[in-house]
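Visitor:
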Amino acid sequence: MLQDRTKNTGGFSPAPDDGLIICRCEEITKGEIRRAIQDGLLTLTELRRFLRAGMGLCQGQTCGRLVKSILARELGVPPAALEPVVSRAPVRPVEMQVLARDQEIDHD
Amino acid sequence: MQRCDLIVIGAGPAGLSAAVEAARQGMRVTVYDENARPGGQLFKQIHKFFGSREHKAKIRGIRIGEELLQEASAAGVQVELDAVVTGIFADKEVTVRQGERMLRRKADTLIIATGASENMTSFENWTLPGVIGAGAAQTMMNLHGVRPGEKILMLGSGNVGLVVGFQLLQAGCQVVAVADALPGIGGYGVHAAKLARCGVPFYTAHTIVRAEGVERVTGAVIGAIDQNWHIVPDSEKHFDVDTICLAVGLSPMSRLCGLAGCVMEDNPQKAGLVPVVDALGETSVPGIFAAGDVSGIEEASSAMIEGRIAGLAAAHRMGFMASSALDARLAELTGALASLRAGMFAPGSKGKVFTHTAEGCALSASLLRRGFVADEEIDRYPGVTRARGVHPVLECTQNIPCNPCADACPRQCITVGADGGTITALPVFDAARGCTGCGLCVAACSGQAIFLVDEEAGEITLPYEFLPLPQKGEQGMALGRDGQPVCPAEVVAVRTSAAFDKTNLLTIRVPAEYAGRARFYRKER
Amino acid sequence: MTEHNADVVIIGGGIMGCAAAYYIAKRGASVLVLEKEDSIGSGGSSRNGGGVRQSGRDPRELPIAMHGIQHIWPTLAAELDVDVEYCQKGNLRLGKTAAQLKILESLTQKAVSCGLDVRMISGDEAREINPYLSREVMGASWCPTDGHANPLLATLGFYRKARQLGARFISGETVTAIEKIRGRACRVRGAQGVYAGGTIILAAGLGSRPLAWTVGLDVPLQPLLLETLVTEAVDTMFPQMLGTAAADFYGHQSVHHGSFVFGVTSGYEPYARPGLPRSSAGAAAAACRSILTYFPALEHIKIIRSWAGWIDDCADHVPVLSFTDEVPGLILACGFSGHGFGISPAVGRLLSEMALDGRPALDLSALRQSRFAAK
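Protein chains in written order, with my numbering: chain A, 3 to 110; chain B, 449 to 973; chain C, 946 to 1320.
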């Protein structure tokens, strides 16, 4: 979707609930997310890259929807209109030593 | 590398149903599930399911799970537990974490049936211990036998909130209130009515303002919200609670679909990001199917049918089933699925505002706002009739796909959607056929909305699923639909029977003038 | 179609485009960046191991790397007002066999002759620098002025600051052609608009090649799949950038955050299937097996995410940073071949000089496009 990023989204104005933790894994607050959006980070992917919101152990399973609703509200668009983030493996965390063990002989 | 005909990811209702159908056609099927036991959410579902008899209505979820496992085992399905599928890669290769190693497996077809995860909502102190998902609360109670708390606020009045709220009462917890930000209760009215007649208050158009507590939850504050979702000044209400249960919706757990390269869509009607699928559940990647909540949040009954369809379609795709045989099965299954997707609560009806039932009865405003049909509203529904002697009063006031009551009556006194009508129609009682008062309909109603009433004798027989059971001869209080005391009552009969499947039938006697109002019983304090 | 104008039009919103936009905007010129994806930094900028290295580099690009590390990286976080997680605690390139040590020695000799402070150390010396190293490590090359940073934060940090300075960014716009008017490249045609600029910078990663064709130029680039892994955050273990002579992995632990980022090598990179980049089923596992032979202490740390992306591998594995005689007005900035991140701030500044002054402050003649004439 074409997006001219010059458009100002209004500037950051503090809100009473800015201190709310949204991403529990990475401890990112609502205020940090809102400020990043006002700084021009306009997609869920950019917020993930810039703040690591939704990039922790649960990979956004808990906060994905919350971050999305914050971004949608700041941009004034419906949440479903936002480009979704891309799924990545592993969908559950795996210890390195377990991941390393994928070549043992199969036994039926 | 090991390769089988079909790998199913998720051993819940959709996945097991898919595996059973595919294996019966001769496919070698392996099911992987990350949990220690199969069945997905089914083994937490101690309530009776809605739907039609052919598709397991009035059977408790836990029993459906047992039946599915037996079917899977008989069909030769290999179910691997504690087996986490961590990724799907090119050539339908899956990586599976089992124990301290990874398996790499391929299949010619994949069915993704990973279900859903619970949504969270953020508010002041939402990260305090004691704020839990309703599904998590259900797991604690029904799988582990642990009460999640003593005093509980339920946030969300969809079916999950209502069903879990009632189960919390059954487990002996106190549910101080059910709050929902929407102006109307989201789930089935009959589920809300069960809570309301136990005295649980509903606060619609209310949201949680904050959880209170330092180390853990010691209280909760809710407030009324206006149309702009702002808290109305001075509307805050405090509750002393130790647990706040969040039942604010489910999201499809569709990350594996994205990894598999399926075209995805963010579809609010399906409650989130889902793979685009055709009528057979096949995604944009040929040979990869999705079934159940992962492709759109619905009830378990729909998930099982979707699973069956996907399983058959996979079998057909790989030449295990002739087209004619597939078509024959599909005709029946898609019909059943369509009937489950009809009515006021259908996925396609999301966002629509109904004012009347399909029969033209005005919906109960009180039910929508407070969780119970007001006494002055109840007579407008076709199932609520007066007759001489004992007869059923069917307090079914919304078009829900469900007809076990009609099947249950040995004399066919009850009809749902007569003459080829839909199973979402409101039930109708035909007095001419002669009710014997057997009570099978009362026990069969998954919504516990049927009462046997004898107006002259002042006797009401009601479904009762609490322990300890009241004793015959016991004196207590009759409660109204709103959970408020109506009049003194005496227990005149307590019936249990295998045919009732653990729903006990309690008959109470009240002064005749209260026979239309008394709908629950509480032992006098 | 709407026509947009700027002093400089940059094709590609990766770290090169964002860094160039920042330095151009900082000097007061108008600049417009066109990115085809919805998000900034979606190519190689978010798919690399974050190395800010001089060691192991080709002598032709080494001066750029040294310039960046001496003059830009130390103050970049302050300049951008973003913690780019820069950590200058050295680079260990590890060897486990005599043959591998030979490779390291030859690389080291070349770098020393270019004036870089890098030397060979023994296995025990390496273990003194990094006590988590296994006994298998026989030796290493050690460059104390190397380091690492977070490419995602650096890319978006440049973007954010450039935007604050007035740079204009349009995402979701696919450029289809560069157009010449009266012999000079000064217009860019996109799917949804036309963009005119005094100078055009082509910094579109792998997409640069077909766009160069539209003005009759070729750059020998081919796609190479890079795969990256990230772990959960853990307590700080060691600050060095890591690489190996066997080239089986590279990576580091992010400062301030604690997650490890590893680049993965499966051995089949040039043969990855075309289309959307996809992680392979076995590469992460192979990387973990390798990593644990060097760092057994990491065995319980959890991998939480892996991702893959195409990079633009140039025929001789060094970038093209070049004006061309044939197409005045166009600057090529592509072919970074998987090691562009560390030099990106310096490249951004050089590009701003090329665009605004007509010549870069460093001699880039070795990186000209004309070097690809047939031998």
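Note that the Cβ used here is the ideal one computed from N, Cα and C, for glycine as well.
Hey, would you say C/Val-990 sits closer than 7 Å to C/Gly-959, going by beta carbons?
Guide: Here residue 990 of chain C refers to the residue found at position 45 when the third sequence is read from its first residue. Here residue 959 of chain C refers to the residue found at position 14 when the third sequence is read from its first residue. Note that residue 990 of chain C is Ser in the sequence shown here, rather than Val. Yes, these two residues count as a Cβ contact at 7 Å.
Visitor: Could you give the DSSP three-state label for B/Tyr-480: helix, strand or coil?
Guide: Position 32 of the second sequence holds residue 480 of chain B. Residue state, collapsed to three classes: strand.
Visitor: Identify whether C/Leu-1187 lies in helix, strand or coil by the three-state DSSP scheme.
Guide: Residue mapping note: residue 1187 of chain C aligns to position 242 of the third sequence, counting from 1. Looking at C/Leu-1187 - three-state DSSP - the assignment turns out to be strand.
Visitor: Give the residues from the segment 528-539 of chain B that approach chain C closer than 8 Å (Cβ to any Cβ), ordered along the chain.
Guide: Flagged, chain order: Gly-535, Phe-537 and Ala-538.
Visitor: Whole beta strand (DSSP E) runs in the segment 1025-1071 of chain C with 3 or more residues, listed along the chain?
Guide: Correct list: 1036-1040 and 1064-1067.
Visitor: For B/Arg-929, tell me which candidate among B/Phe-968, B/Phe-948, B/Asp-949 and B/Glu-903 has the shortest Cα-Cα distance.
Guide: By one-based count along the second sequence, residue 929 of chain B stands at place 481. Closest by alpha carbon: B/Phe-968.
Visitor: Say whether chain C places a C-beta atom closer than 7 Å to the C-beta of B/Gly-543.
Guide: Taking the second sequence and counting its residues from 1, the one referred to as residue 543 of chain B is at position 95. It is worth fixing the name first, because residue 543 of chain B is Thr in this sequence and not Gly. Output row for B/Thr-543: interface = yes.
Visitor: Select from C/Arg-972, C/Ala-1242 and C/Ser-1058 the residue whose C-alpha is nearest the C-alpha of C/Pro-1008.
Guide: In the third sequence, counting from the first residue as 1, residue 1008 of chain C sits at position 63. If we check each option's Cα against that of C/Pro-1008, C/Ser-1058 comes out closest.
Visitor: Below 7 Å on C-beta distance, what does B/Asp-714 contact in chain A?
Guide: Start at 1 with the first residue of the second sequence, and residue 714 of chain B comes out as number 266. Going along chain A in sequence order, the residues near B/Asp-714 (Cβ under 7 Å) are Ala-82 and Pro-86.
Visitor: Mind listing which residues of the segment 32-43 of chain A have their C-beta closer than 9 Å to chain B's C-betas, in chain order?
Guide: Taking 9 Å as the Cβ-Cβ cut-off against chain B, the residues of the segment 32-43 of chain A that qualify are Lys-32.
Visitor: Determine the chain A residues that contact B/Asn-483 at a beta-carbon separation under 9 Å, and present them in chain order.
Guide: Stepping through the second sequence from its first residue, residue 483 of chain B is reached at position 35. Simply none; closest approach about 12 Å.
Visitor: Counting only beta-carbon separations shorter than 7 Å, does C/Ala-1226 have a partner in chain B?
Guide: Taking the third sequence and counting its residues from 1, the one referred to as residue 1226 of chain C is at position 281. Closer than 7 Å: yes.
Visitor: Give the straight-line distance between the Cα atoms of A/Ile-30 and C/Ser-1051, rounded to the nearest whole angstrom.
Guide: Sequence index remark: in the first sequence, residue 30 of chain A carries index 28 (1-based). Sequence index remark: in the third sequence, residue 1051 of chain C carries index 106 (1-based). Between A/Ile-30 and C/Ser-1051, the C-alpha separation is close to 46 Å.
Visitor: Which of the three DSSP states is assigned to B/Ala-585 in this structure?
Guide: Here residue 585 of chain B corresponds to residue number 137 of the second sequence, with the count starting at 1. It is helical.
Visitor: For chain C, is any of its Cβ atoms less than 7 Å away from the one on A/Arg-96?
Guide: Along the first sequence, one-based indexing puts residue 96 of chain A at 94. Note that residue 96 of chain A corresponds to Val in the displayed sequence, not to Arg. By this cut-off, A/Val-96 is an interface position.
Visitor: Keeping to the same chain, check which residues put their C-beta closer than 7 Å to that of B/Asp-741; ignore five residues upstream and five downstream.
Guide: Numbered from 1 along the second sequence, position 293 holds the residue referred to as residue 741 of chain B. The residues are Gly-563, Ala-564, Leu-698, Pro-700 and Ala-751.
Visitor: Quick check on B/Gly-481: buried or exposed, where buried means 16 or more other Cβ atoms within 10 Å of its Cβ?
Guide: Taking the second sequence and counting its residues from 1, one reaches residue 481 of chain B at position 33. Residue identity check: residue 481 of chain B is Asp in the sequence provided, not Gly. Flag for B/Asp-481 reads buried.
Visitor: Below 8 Å between beta carbons is the criterion; list the residues of the segment 1211-1239 of chain C that meet it against any residue of chain B, in chain order.
Guide: Here the close residues are Arg-1218, Leu-1221, Arg-1223, Ser-1224, Ser-1225, Ala-1226, Gly-1227 and Ala-1230.
Visitor: Using a Cβ-Cβ cut-off of less than 7 Å, list which residues of the segment 697-710 of chain B approach chain A; keep chain order.
Guide: Hits within the stretch, in order: Ser-699, Arg-703, Leu-704, Gly-706 and Leu-707.
Visitor: Show which residues of chain B have a CB atom less than 9 Å away from the CB atom of A/Gln-63.
Guide: As a working note, residue 63 of chain A is residue 61 in the first sequence. Ser-565, Ser-699, Met-701 and Arg-703, listed in chain order.
Visitor: Taking 7 Å as the CB-CB cut-off, is A/Leu-68 touching chain C?
Guide: Within the first sequence, numbered from 1, the residue matching residue 68 of chain A stands at position 66. Not an interface residue.
Visitor: Could you tell me which whole alpha helix (DSSP H) segments of length 4 or greater appear in the segment 864-928 of chain B?
Guide: Taking only runs of at least 4 residues, the alpha helix (DSSP H) segments lying wholly in the segment 864-928 of chain B are 888-892.
Visitor: Under 6 Å Cβ to Cβ from B/Val-638, same chain only, skipping five residues before and after it: list those, please.
Guide: Here the question's residue 638 of chain B lines up with position 190 in the second sequence. Excluding residues within five positions, the ones whose Cβ falls inside 6 Å are Gly-895 and Ala-897.
Visitor: For C/Leu-1037 and chain E, any beta-carbon pair shorter than 7 Å?
Guide: This model lacks chain E altogether, as its protein chains are A, B and C.
Visitor: If the cut is a Cβ gap below 9 Å, which residues of chain C does B/Met-550 touch?
Guide: In the second sequence, counting from the first residue as 1, residue 550 of chain B sits at position 102. Per Cβ cutoff of 9 Å: Ala-1230.
Visitor: Taking only beta-carbon positions, decide if A/Ser-15 is within less than 7 Å of chain B.
Guide: Here residue 15 of chain A corresponds to residue number 13 of the first sequence, with the count starting at 1. Judged by the 7 Å Cβ criterion, A/Ser-15 is not in contact with chain B.
Visitor: Shorter than 7 Å from the beta carbon of C/Tyr-1104 to some beta carbon of chain B?
Guide: Within the third sequence, residue 1104 of chain C is the residue found at index 159, counting from 1. No, because no Cβ of chain B sits closer than 7 Å to the Cβ of C/Tyr-1104.
Visitor: Find the residues of chain B that neighbour A/Asp-104, judging by a C-beta separation of less than 9 Å, and give them in chain order.
Guide: If you number the first sequence from 1, residue 104 of chain A lands on position 102. Per Cβ cutoff of 9 Å: Thr-543, Arg-549, Met-550, Leu-551 and Arg-552.
Visitor: Using CA atoms only, rank isn't needed, just tell me which of B/Ala-582, B/Ala-770, B/Gly-513 and B/Leu-610 is closest to B/Gly-597.
Guide: Locating residue 597 of chain B in the second sequence gives position 149, where the first residue counts as 1. Looking at the Cα atoms, B/Ala-582 is the closest of the given residues.
Visitor: According to DSSP, is C/Asp-1216 part of a helix, a strand, or is it coil?
Guide: For the purposes of this step, residue 1216 of chain C is identified with residue 271 of the third sequence, where counting begins at 1. One detail in the question is off: residue 1216 of chain C reads as Tyr in this sequence, not Asp. The answer is helix: DSSP assigns C/Tyr-1216 an H, G or I state.
Visitor: Who are the neighbours of C/Glu-1070 on chain A, taking C-beta pairs under 8 Å?
Guide: As a working note, residue 1070 of chain C is residue 125 in the third sequence. Simply none; closest approach about 26 Å.
Visitor: Within its chain, find whatever has a CB closer than 7 Å to the CB of B/Glu-904; leave out the 5 residues flanking it on each side and keep chain order.
Guide: Walking along the second sequence from the start, residue 904 of chain B turns up at place 456. Within the same chain, B/Glu-904 has close Cβ partners Ala-960.
Visitor: Between A/Leu-4 and chain C, is there a C-beta pair that is closer than 7 Å?
Guide: As a first step, residue 4 of chain A must be located in the first sequence, where it is residue number 2. Chain C contact via Cβ: present.
Visitor: Alpha carbon to alpha carbon, how far is B/Ala-966 from B/Ala-926? Give it in angstroms, no decimals.
Guide: Taking the first residue of the second sequence as 1, we reach residue 926 of chain B at position 478. Taking the first residue of the second sequence as 1, we reach residue 966 of chain B at position 518. The straight-line gap from Cα to Cα measures roughly 5 Å.
Visitor: Give me, in chain order, the residues of the same chain whose beta-carbon lies closer than 8 Å to that of B/Gly-632; leave out the 5 immediate sequence neighbours on both sides.
Guide: For the purposes of this step, residue 632 of chain B is identified with residue 184 of the second sequence, where counting begins at 1. Same-chain partners within the cutoff: Thr-652, Leu-816 and Arg-817.
Visitor: Taking C-alpha atoms, which residue in B/Leu-917, B/Glu-913, B/Val-657 and B/Glu-972 lies nearest to B/His-495?
Guide: If you number the second sequence from 1, residue 495 of chain B lands on position 47. Taking only the C-alpha atoms, the option nearest B/His-495 is B/Glu-913.
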